[in-house]
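S.K.: Residue numbers for the sequence shown, in my numbering: 16 to 184. Note that the Cβ used here is the ideal one computed from N, Cα and C, for glycine as well.
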Amino acid sequence: MDPACFAPLTERQAAGESGMEVNHQYVDVRGCSIEDARQALTEEAEFLEELEASGWDGGVADQLMDDAYESEFLFGFDVGTAGAIFALSAAGAVPITSCNGGVIDGERHASDVPTILFSATPEILPPILRAAAAADAGLINNDGNVELFADWLPKLHAFAGQLLAELER
């Protein structure tokens, strides 16, 4: 990653209610506290545990996704991405868009792998880099932003836990 390529979002872009070009369902979750992120991570963990126990059964996944969309803390984000979205916000990043890669429902998604695109400044990157390495997740430059990705959805959840641990140090 080359931080010199980053183009942090403007206040107008980040606060926009009409969505951004890359995500017309954009939700401004800037400024989440570590406590908010912990709550989202805890709630998401329950969904992921149920999915794991079901063997990632499609019917169970559909019901869990419906429940997640009604969750107060998950804001309708894909299960598996919400914890990382809130953790990134607590770190000072601006999450832009996310996708679980179709891991849960098996349908075609915007991405083939679980991913979160976010805006960041170079000074907030060190704990994000350490958390990604610890969770075996990747980070790349993507058109002026940073993209977090993983080959398996629970790695994004692990990233979130690692990032919160980094922030709490």
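Around the C-beta of Gly70, are 16 or more other C-beta atoms found within 10 angstroms, so that it is buried, or is it exposed?
M.R.: Result: exposed.
S.K.: From Ala165 to Gly159, what distance separates their C-alpha atoms?
M.R.: Rounded to whole angstroms, Ala165 to Gly159 spans 20 Å at the Cα level.
S.K.: Within its chain, find whatever has a CB closer than 6 Å to the CB of Ala173; leave out the 5 residues flanking it on each side and keep chain order.
M.R.: If we look at Ala173 and ignore the five residues flanking it on each side, its Cβ neighbours are Ala150.
S.K.: Among Leu79, Arg45, Leu178, which has the Cα closest to the Cα of Ile111?
M.R.: Comparing Cα positions, the closest option is Arg45.
S.K.: Since Pro142 is in the alpha helix (DSSP H), which residue starts that stretch and which ends it?
M.R.: Looking at the DSSP string, the run of the alpha helix (DSSP H) that includes Pro142 is 140–150.
S.K.: DSSP on Cys47, reduced to helix/strand/coil?
M.R.: DSSP places Cys47 in coil when its eight states are reduced to three.
S.K.: Report the rounded CA-to-CA distance for Val161 versus Ser104, giving the unit in angstroms.
M.R.: Cα-Cα distance, rounded: 13 Å.
S.K.: So Gly176 and Leu56 are in contact, right, with Cβ under 8 Å, and what is the actual spacing, rounded?
M.R.: Correct: roughly 6 Å between the Cβ atoms.
S.K.: Within its chain, find whatever has a CB closer than 6 Å to the CB of Cys11; leave out the 5 residues flanking it on each side and keep chain order.
M.R.: Any answer about residue 11 is impossible in this case: the structure gives the chain only from 16 up to 184.
S.K.: Among the candidates Pro141, Gly107, Pro142, Arg145, whose CA atom is the shortest distance from the CA of Phe133?
M.R.: Minimum Cα distance to Phe133 is reached at Gly107.
S.K.: Are the beta-carbon atoms belonging to Gly153 and Ala146 less than 8 Å from one another?
M.R.: No.
S.K.: Mind checking Thr136: buried by the 16 CB within 10 Å criterion, or exposed?
M.R.: Per the 10 Å Cβ criterion, exposed.
S.K.: Looking only at C-alpha atoms, which of Lys170, Leu163, Ile155 sits nearest to Asp17?
M.R.: Of Lys170, Leu163, Ile155, the residue nearest in Cα terms is Ile155.
S.K.: Using beta-carbon positions only, say whether Ala99 and Leu171 come within less than 8 Å of one another.
M.R.: The answer is yes: Cβ separation under 8 Å.
S.K.: Would you mind listing the beta strand (DSSP E) stretches within the segment 92–122 that are 3+ residues and don't spill past its ends, in chain order?
M.R.: List check, beta strand (DSSP E) in window: 109–114.
S.K.: For Gly73, which residues does DSSP report across the bridge?
M.R.: Partner(s): none; Gly73 has no beta bridge.
S.K.: To the nearest angstrom, report how far apart Asp93 and Leu144 are at their CA atoms.
M.R.: The alpha-carbon atoms of Asp93 and Leu144 are separated by roughly 23 Å.
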